[in-house]
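Contents: one structure, followed by commentary.
In our numbering, the protein residues as written are 1025 to 1142.
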């Protein structure tokens, strides 16, 4: 098992950890006359929540470049499959809160990125 995470070719800097949560998309629940649940499920997709430590301006720039496309490849250990996989993801949340400027170089606060599987 590896705790490394890649956005395309970029090894994600200052990685503190991530979670991989499986979500059901486009789900419709109904019940028949006997009270049994009937589920019409279109897909199960992963949501990755990535936690990063403080980043330098250069690391932030590299991260933004790697996540610029609408969908980009992410390589990570998938706990549901028990192996390292690569899948296409969309970055739905990417804050960039400035923490401080030291010697003219900005540093950013710890980040939480939320990615949704295509």
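All residues carry an ideal CB built from backbone N, CA and C; glycine is no exception.
Computed from a predicted structure; not experimentally measured.
Secondary structure of residue i, DSSP reduced to three states
i            : result
residue 1087 : helix
residue 1081 : helix
Distance between residue j and residue i (C-alpha atoms, nearest Å)
i            : j            : result
residue 1036 : residue 1083 : 9 Å
residue 1095 : residue 1111 : 10 Å
residue 1041 : residue 1033 : 18 Å
residue 1067 : residue 1086 : 32 Å
residue 1136 : residue 1059 : 41 Å
residue 1039 : residue 1125 : 21 Å
residue 1056 : residue 1092 : 46 Å
residue 995  : residue 1063 : With the chain covering 1025 to 1142 only, the question about residue 995 has no answer from this structure.
residue 1075 : residue 1106 : 21 Å
residue 1142 : residue 1048 : 13 Å
residue 1054 : residue 1129 : 56 Å
residue 1131 : residue 1119 : 13 Å
residue 1117 : residue 1088 : 12 Å
Whether residue i touches residue j by CB criterion (8 Å)
i            : j            : result
residue 1028 : residue 1078 : no
residue 1031 : residue 1098 : yes
residue 1101 : residue 1139 : no
Supposed close pair residue i, residue j - CB separation, criterion 8 Å
i            : j            : result
residue 1044 : residue 1070 : 5 Å
Any C-beta of chain D under 8 Å from that of residue i
i            : result
residue 1072 : Among the chains in the structure shown there is no chain D, since it carries only a single protein chain.
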